[in-house]
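In order, the protein sequences belong to chains A and B. For the first sequence, the positions run 89 to 259 when the working numbering is used. For the second sequence, the positions run -17 to 277 when the working numbering is used. All remarks here apply to the structure that follows.
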Amino acid sequence: MTVSKPNTCLADAVPKQQVRVSINGTETTLQVRPFRRLLDVLRTDLDLPGTKEGCGEGECGACSVLMNGEPVNACLVPIIQCHDTDIQTIEGLAQNQVLHPVQQAFLKHGGAQCGICTPGMVVTAAWMCNRKLDAEQIRQRLSGNICRCTGYSAIVNSVAEALGADQGGEG
Amino acid sequence: MSSIAHSAIAVTRPNRLTEALEMLAARARSDAPVRLLAGCTDVLVEANHGGLRYRDFLDLSGLRSELGGLCWAEDGSLHIGALCTYSELLNDADAQLKLPMLCDASRLVGATQIQARGTFAGNVENASPAADAAPALMALDAAVMLRSERGSRTVPLDQYYQGYRATARRSDELITSIIVPAQPGPVSEQFFRKVGTRAYQAITKVGLSARIRRDGGAISEARVVATSMAATICRVTAVEDALIGVQDLCDDTRRRIKEAQTSALTPIDDVRSQADYRNEVFHRLVMQAVAQTQS
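Written as structure tokens, this is what we have:
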């Protein structure tokens, strides 16, 4: 692909665009610059700071949210691509003050330490719910969520309990 | 962390393929090409780190009904739509049965979150010499379907790369699908191996995608595709030729295959690995592929 010349006619004001998106079950219509990251729109515009920023390049998974039911890195999603999609963030998991089974399991097993990776871990784990997975399969599916504190055992045990799976592995 | 001014970035999101092609044609005429957006797993990394060279994008995400998904044709070929993600392929039971090497490659692209967003067409067009899916596709004799307002054409993937990060796609063209032909042989012919720093979230230091067919005991046909061994993903025809007729891996045969490799590939030292390591590991991967695909 060739490198484009800077498009000088695009001064500094690309108009905002309308993006219709469901966030944690609530339909919202946003007026936003199209290339802004979903991560920033969640945290800044929508006051949903539970989703964290780690690496900003899709490696650490701290910003994981569910997009149409699948975990994605919110730092790699331009908001325009959220048009007509369903986004679930960590804030949407607990229902009526009752924690999601994954959240309860993290509490029980000490699955969180510093907490930065936790929302992303919990969101990815919530996506795994209703599947039969062993500890190795859980680890594979969590491989896009990096934790620098726990050594993962407590996290895998938390997820395994939430899934009703055998808790395997020393880490 | 992000250093670009979002207010200066324009994104057009058409809902019909014809509109997208119209825009591409107009931009090509005025020599103001746009960058295409599909899964954004490469473009947004550039953007987040301030390396964005484009300010003008054409987002394909509104074209899912025309470019999404995958389908198996009656002749057994697989048509991978331009917006088909790795996780869509991994959720397809037939793909697991018929194209295990492509599934292996897909499972090793980044991790779960990247597999949910990244597309095969994006991986092919991004033209990284360290790509994961493109070499597997090349070893499976896949072809790229391109479309523009002028018409359609098909380019075999092994002719698609024209230099470092350069592809055969013209600026008014769009990849509409990637076609993987029906594989005539058993799946035991397929071999995919990526060597990186760790199992997931790794970029390939050296990789081999191969298909090795035997007639009786001897190798009758081979596809040997190298990753991170040259400026582009490439078939190594010298090694393919050297494999023909091989039954057992005696020392002489190994030496001959190694010589063919060194004559064809000159990998470099870079931030991820070294030329000597790449040469040695690639040779061992070829030996492993030969051994593993032995009936």
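Yeah, the Cβ is synthetic: ideal placement off N, Cα and C, and Gly gets one too. Nothing here was measured: the structure is a model prediction, and the numbers come from that model.
With 9 Å as the threshold, decide whether the Cβ of residue i is near any Cβ in chain B.
| i | result |
| --- | --- |
| A55 of chain A | As displayed, chain A neither begins before 89 nor continues past 259, which places residue 55 of chain A out of reach and without an answer. |
| Q176 of chain A | no |
| A248 of chain A | no |
| S110 of chain A | no |
| G144 of chain A | yes |
| E224 of chain A | no |
| G149 of chain A | yes |
| R219 of chain A | no |
| T212 of chain A | yes |
| Q192 of chain A | no |
| Q228 of chain A | yes |
To the nearest angstrom, how far is the alpha carbon of residue i from that of residue j?
| i | j | result |
| --- | --- | --- |
| E70 of chain B | D233 of chain B | 43 Å |
| L26 of chain B | K196 of chain A | 37 Å |
| N184 of chain A | N112 of chain A | 13 Å |
| N(-3) of chain B | G44 of chain B | 5 Å |
| A(-8) of chain B | K104 of chain A | 9 Å |
| S245 of chain B | D38 of chain B | 42 Å |
| L98 of chain A | S(-11) of chain B | The predicted model places L98 of chain A with a pLDDT of 44, which falls under 50 and marks its position as unreliable; any figure quoted below should be read in that light. Going by the C-alpha atoms only, they are around 10 Å apart. |
| T158 of chain B | A242 of chain A | 45 Å |
| V228 of chain B | V218 of chain B | 16 Å |
| A93 of chain B | G232 of chain A | 5 Å |
| M269 of chain B | C151 of chain A | 41 Å |
| R(-5) of chain B | Q106 of chain A | 11 Å |
| G167 of chain B | T116 of chain A | 52 Å |
| I226 of chain A | L225 of chain B | 40 Å |
| H171 of chain A | F102 of chain B | 22 Å |
| G21 of chain B | R238 of chain B | 42 Å |
| A52 of chain B | A124 of chain B | The sequence given here places Leu at residue 52 of chain B; Ala does not occur at that position. Cα to Cα, the separation comes out at about 14 Å. |
Report all residues from its chain with a CB closer than 7 Å to the CB of residue i; omit the five preceding and five following residues, and keep chain order.
| i | result |
| --- | --- |
| D251 of chain B | A257 |
| S88 of chain B | Y68, L71, L72, Q97 and A115 |
| A200 of chain A | F194 and T206 |
| G138 of chain A | T177, I178, E179 and P207 |
| L164 of chain A | G146 |
Indicate whether at least one CB of chain A lies closer than 9 Å to the CB of residue i.
| i | result |
| --- | --- |
| T101 of chain B | no |
| G177 of chain B | As written in the sequence, residue 177 of chain B is Val, which differs from the Gly given in the question. Closer than 9 Å: no. |
| C53 of chain B | no |
| S69 of chain B | yes |
| F39 of chain B | yes |
| T23 of chain B | yes |
| Y182 of chain B | yes |
| Q141 of chain B | no |
| L72 of chain B | no |
| L119 of chain B | no |
| Q6 of chain B | One point to set straight first is that residue 6 of chain B is Leu, not Gln, in the sequence displayed. No - not a single Cβ of chain A is within 9 Å of the one on L6 of chain B. |
| G145 of chain B | no |
| G104 of chain B | no |
| A246 of chain B | no |
| V137 of chain B | no |
| A98 of chain B | yes |
| V27 of chain B | yes |
| S43 of chain B | yes |
| L231 of chain B | no |
CB-CB under 8 Å to residue i, same chain, minus the five flanking residues each way: which ones, in chain order?
| i | result |
| --- | --- |
| A212 of chain B | P111, L247, T248 and P249 |
| V177 of chain B | T186, K187, V188, G189, V263 and L267 |
Is residue i buried or exposed, if buried means 16 or more other CB atoms sit within 10 Å of its CB?
| i | result |
| --- | --- |
| A214 of chain A | buried |
| T96 of chain A | Reliability fails at T96 of chain A, whose pLDDT of 43 lies under 50, so the model's placement of it is uncertain and no value is given. |
| T238 of chain A | buried |
| E147 of chain A | buried |
| Q95 of chain B | buried |
| V279 of chain B | Outside the shown range of chain B, which is -17 to 277, sits residue 279 of chain B, and nothing can be said about it. |
| S(-16) of chain B | Residue placement at S(-16) of chain B cannot be trusted, given a pLDDT of 46 that sits under 50; the coordinates are not used to answer. |
| K140 of chain A | buried |
| E131 of chain B | exposed |
| K220 of chain A | exposed |
| A314 of chain B | No answer is possible for residue 314 of chain B: the residues shown for chain B start at -17 and end at 277. |
| S255 of chain B | buried |
| P159 of chain A | buried |
Excluding five sequence neighbours on each side, which residues of the same chain lie with their C-beta closer than 6 Å to the C-beta of residue i?
| i | result |
| --- | --- |
| F174 of chain B | M83, D86, A87, A118 and S191 |
| P15 of chain B | R9 and S153 |
| S246 of chain A | A193, F194, H197 and G199 |
| G58 of chain B | A164 |
| E222 of chain B | A204 and V206 |
| D140 of chain B | M120 and R217 |
Answer yes or no: the CB of residue i versus the heavy atoms of the ligand FAD, is any distance below 8 Å?
| i | result |
| --- | --- |
| I(-9) of chain B | For the structure depicted, the ligand FAD is absent and the ligand set is empty, with no information on it obtainable. |
Task: Interfacial residues, the segment 231 to 246 of chain A to chain B, with Cβ spacing under 9 Å - done: S231, G232, N233 and I234
Task: Within 8 Å of chain B by C-beta, residues of the segment 156 to 182 of chain A in sequence order - done: E158, P159, V160, N161, C163, L164, V165, P166, I168, Q169 and H171
Task: Residues of the segment -13 to 4 of chain B whose Cβ lies closer than 9 Å to any Cβ of chain A, in chain order - done: A(-13), H(-12), S(-11), A(-10), I(-9), A(-8), V(-7), T(-6) and R(-5)
Task: Cβ-based contacts, 9 Å cut-off: residues of the segment 115 to 133 of chain A near chain B - done: V120, R121, P122, F123, R124, R125 and D128
- [ ] For the segment 70 to 95 of chain B, enumerate the residues whose C-beta is nearer than 9 Å to any C-beta of chain A, in chain order.
- [x] R89, G92, A93, T94 and Q95
Open item on the list: Under 8 Å, CB to CB, which of the residues in the segment 144 to 165 of chain B have a partner in chain A?
Closed with: R147, A148, T149, R151 and S153
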